[in-house]
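S.K.:
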Amino acid sequence: MSNSITVPSLWDDAKAAALDEPGLLLYRSNLLGADLRITNFGGGNTSAKVAMPDPLTGDQVDVLWVKGSGGDIGSMKLDGFATLYMDKLESLKGLYKSLDQEDAMVHALNHCTYNLNPRAPSIDTCLHGYVPYAHVDHVHSDAVIAIAASKDQVRLTQEIFGKEMGYLPWQRPGIDLGIKLGEMAKANPELVGVVLGSHGLFTWGHTAKECYDTTLRIINKAAVWLDRNREKPAFKGEKVQSLSDGDRRAAALRLLPEIRGRISKHERKIGHFVDSPEVMEFVNSNQLEALAPLGTSCPDHFLRTKIRPLIVPHDADAAALDKLIDGYRADYAAYYERCKHTDSPAIRDPNAVIYLVPRVGMLSFAKDKATARIAAEFYVNAINVMRGASGVSAYQGLPEQEAFNIEYWLLEEAKLSRMPKPKSLAGRVAFITGGAGGIGSAIASKLLSEGACVVLADIDQASLDEVTAGFGKTYGKDNIRGVKMDVTSEDAVIAAMNETALAFGGVDIVVNNAGITLAAAVEDTTLDLWNKNMSILGTGYFLVGREGYRLLKRQSLGGSMIFICSKNAVAASPGASAYCSVKAAELHLARCMALEGAPHGIRVNAVNPDAVLRGSKIWQGPWRQQRAASLKITEDDLEEHYRKRSLLQRSVFPEDIAEGVYFFASDVSNKSTGNFLNIDAGNAASFTR
Ligand SMILES: NC(=O)c1ccc[n+]([C@@H]2O[C@H](COP(=O)([O-])OP(=O)(O)OC[C@H]3O[C@@H](n4cnc5c(N)ncnc54)[C@H](O)[C@@H]3O)[C@@H](O)[C@H]2O)c1
Ligand SMILES: [Zn+2]
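To convert, count from 1 in the sequence shown and add 31; that's the working numbering.
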């Protein structure tokens, strides 16, 4: 993305020449969505009116291709467009009589569907359909919204764009606004677009390229004009200065788990931290206290960020945080009560999404990482809007009742209720040591598939990179982090846990799993071999256990710790006394921590694997040769040997261990602590007693 004031044209004539009309529409949409200053993620929509054969008669009919409900123009594919018969869409005008029919008209749109396309049309469909031009763009450009969200929006639109742009005051999108927009375009052929008050921009053209060029030209005209004419420094200058990099990080590290704990009692939230220059300029400014409470202006912005953010002093202590967060909730409940209608949906989560911390930056929280990150991006859009608007006029948010009507719109509620049920570990953060190894990565995969965010901590950078990249592809980059860490280093463990808190806001599940196996008969056990086992498997489990426990305790949300021990934690084996002893120590540490953790809702349980050969790196090294030698069989016969040795006559795989970890990690086991679960296909020597 370019950092200059204007947005560059990305249009490539050679590429475009090969495309048909729907292809050109998609191409234009993806280009527009590639720059967040043109439109926010998921915001805006594009359309083209295309002659297509009717599937029943074969006759050419006019079809509106318009981005459907949901999705994002930057990443959408052709299946993201709804398609509607233009003549049917026109006929809705005859049905429509008054504003209270708006919701019914949205349902009527479904009857205009061309070619049984299952993509639901969005509420902006009529605004595209009724403009008498073949190509129409609607974007939420920061520069144009800055004008549209200022007190002088009418005068400024006129002054900046002259006769080529019209203006329509704020109105919730729907058929009524569509009719008005269409009539304005028809009556004023000199117009290339319209500024929608408190909302955004509509632009049009006869060809896809003309429309794209016009959209960019209008946005750039606004951006250049704003930059030339706005008051500098922005936001009336700096009131306080940023803390140093390290101190900002430290403050965020302290606040993230504290806030997360307070707002996650009913539904776990994932945090996100941003201290980019545009955020710092705003949170440190003289106008923060005046502007932030006005709320965001564009409907898309506040659906993601809530109507207003919460300002939090960087040194707020526990009592201050309680007061601020309780106060926000009470304000939100009062707003709901003031604005609700008889048929409004029930009040939703009353906690803030955006937390502005002068001198430190911005924290955001949502039900998953991508949503928290996108909320922060939206607030950056909102900051850009406030900077522009307050620099040339006075910024104004949307009237409260209008904001409420959008936030609690029955159609919006219907959209929310269609969302899939959250996964069992949604909003949870898991920290897994040895996460790049066989059992560790199987655990990570299971927890990710159940909706958790996962931090893999491992000493092996190459494996870590590979495993992290793989999970990023399958489960989304937002949800996975890799951190290089040696479990035996106190500093490294503290740093890794900090990185977890900074990346996701805290932790809920801590899996002690990193390990090695170095074995010898007792008389051949060197002090070095003994100490290596003790330090990685003993000290390592202690350090990770302690730091995880500390972070869990600070959030006051309870939590689950799972120690991967071994059959050898309860059953002695010959030729591996150091390993067996320290595995027993791990198990006992888990029990001691279960005792201390119980009053805080922190559960600590163990999973005991045995003979997990496939996928395990332990079983690729000297351990494999030693075991084969001591059993007097070939290495290739090891797996079969262990299978036959088990009571159930089955091999144990990393995925089997992951199921046990998932059981202890999830709420289904929330009345279980101090336990261990053998996953070894049955072994009488390790039966619990
Ligand atoms: N595989 C089995 O048969 C078996 C049986 C019983 C218990 N276990 C236990 O399961 C756990 C995982 O074993 P696995 O079979 O997946 O082995 P693995 O070798 O595939 O994975 C272990 C991971 O731990 C990492 N690691 C090693 N030392 C580390 C350190 N100092 N700091 C951070 N990371 C370090 C390694 O890089 C590796 O990625 C171990 O605790 C092991 O004792 C395994
Ligand atoms: Zn819009």
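We treat Cβ as the ideally placed atom computed from N, Cα and C, and that holds for glycine.
Computed from a predicted structure; not experimentally measured.
(1) Within a Cβ cutoff of 8 Å, which residues of the same chain sit near Asp-737, ignoring the five residues on either side of it in sequence?
(2) In the structure shown, what three-state DSSP assignment does Lys-128 receive?
(3) Have a look at Ser-612, Arg-449, Arg-261 and Ala-349 and flag the residue whose alpha-carbon is nearest the alpha-carbon of Ile-290.
(4) Does Gln-492 pass the burial test, meaning 16 or more other C-beta atoms within 10 Å, or should it be called exposed?
(5) Classify His-171 as helix, strand or coil using the three-state DSSP reduction.
(6) Helix, strand or coil: how does DSSP classify Lys-211 here?
(7) Would you give the residue range spanned by the beta strand (DSSP E) that Cys-725 belongs to?
(8) Quick check: what's the CA-CA separation for Phe-502 versus Ser-480?
(9) I need the DSSP call for Ser-717, collapsed to helix, strand or coil.
(10) Using 7 Å as the cut-off, classify the Cβ of Asp-331 as near or not near the heavy atoms of ligand 2, replying yes or no.
(11) Report the residue ranges of all alpha helix (DSSP H) runs contained in full by the region 285 to 336; include only those spanning at least 4 residues, in chain order.
(12) Taking DSSP as the reference, what is the three-state secondary structure of Ile-36?
(13) Which same chain residues end up closer than 7 Å to Ala-552 when comparing Cβ atoms and leaving out the 5 residues on each side of it in sequence?
(14) Report yes or no: do three or more beta-carbon pairs, one from the region 215 to 225 and one from the region 454 to 470, lie closer than 8 Å?
(15) For Asp-331 and Ala-642, I'd like the C-alpha separation in whole angstroms.
(16) Output the boundary residues of the beta strand (DSSP E) element that contains Asn-76.
(17) Does the Cβ of Leu-147 have 16 or more other Cβ atoms within 10 Å, making it buried, or fewer, making it exposed?
(18) Quick check on the DSSP output: the beta strand (DSSP E) that includes Val-343 runs from which residue to which?
(19) For the beta strand (DSSP E) holding Asn-709, just list the boundary residues, first then last.
(20) What I want to know is whether the C-beta of His-171 ends up closer than 7 Å to one or more non-hydrogen atoms of ligand 2.
(21) So, Thr-144 versus Ile-104, is the Cβ gap smaller than 8 Å?
(22) Rounded to the nearest angstrom, what separates Ser-717 and Ile-294 at their Cα positions?
(23) For my contact list, Asn-260 and Val-423 are in at a C-beta cut-off of 8 Å; report their separation, rounded to the angstrom.
(24) Going residue by residue through the region 413 to 473, where are the continuous beta strand (DSSP E) segments of at least 3 residues, counting only ones entirely within it?
(25) Measure the alpha-carbon distance for Ala-49 versus Leu-55 and round it to whole angstroms.
(26) Nearest by alpha-carbon distance to Ser-129: which of Gly-705, Asp-374, Ile-206 and Arg-369 is it?
(27) Closer than 8 Å is the cut-off here; do at least three beta carbon pairs connect the region 97 to 113 with the region 73 to 81?
(28) Along the chain, where does the alpha helix (DSSP H) that runs through Tyr-164 open and close?
(29) Got a sec: does ligand 1 put a non-hydrogen atom nearer than 7 Å to the Cβ of Trp-42?
(30) Hey, would you say the C-beta of Ser-597 is under 7 Å away from at least one heavy atom of ligand 1?
(31) Within 8 Å, do at least three Cβ pairs link the region 616 to 627 to the region 555 to 573?
(32) If you follow the alpha helix (DSSP H) that Ala-349 is in, where does it begin and where does it stop?
(33) When DSSP labels each residue in this structure, what does Pro-204 get in the three-state scheme?
(34) List the residues that DSSP assigns as beta-bridge partners of Ile-595.
(35) Distance check for Ala-47 and Met-107, CA to CA, integer angstroms please.
(36) How far does the alpha helix (DSSP H) with Leu-626 in it extend, from its first residue to its last?
M.R.: If we stick to the structure as given:
(1) Nothing can be reported for residue 737, as the shown portion of the chain is limited to 32 through 720.
(2) coil
(3) Ala-349
(4) exposed
(5) coil
(6) helix
(7) The displayed coordinates of the chain run from 32 to 720. Any statement about residue 725 would go beyond what the structure contains.
(8) 10 Å
(9) helix
(10) yes
(11) 308 to 314, 319 to 322 and 330 to 336
(12) coil
(13) Gly-606
(14) no
(15) 54 Å
(16) 76 to 84
(17) exposed
(18) Element bounds for Val-343: n/a, residue is neither H nor E.
(19) 707 to 710
(20) yes
(21) no
(22) 42 Å
(23) 5 Å
(24) 460 to 464
(25) 9 Å
(26) Ile-206
(27) yes
(28) Segment: none, Tyr-164 is in no alpha helix (DSSP H) and carries neither H nor E.
(29) no
(30) yes
(31) yes
(32) 349 to 370
(33) coil
(34) Val-638
(35) 17 Å
(36) 608 to 628
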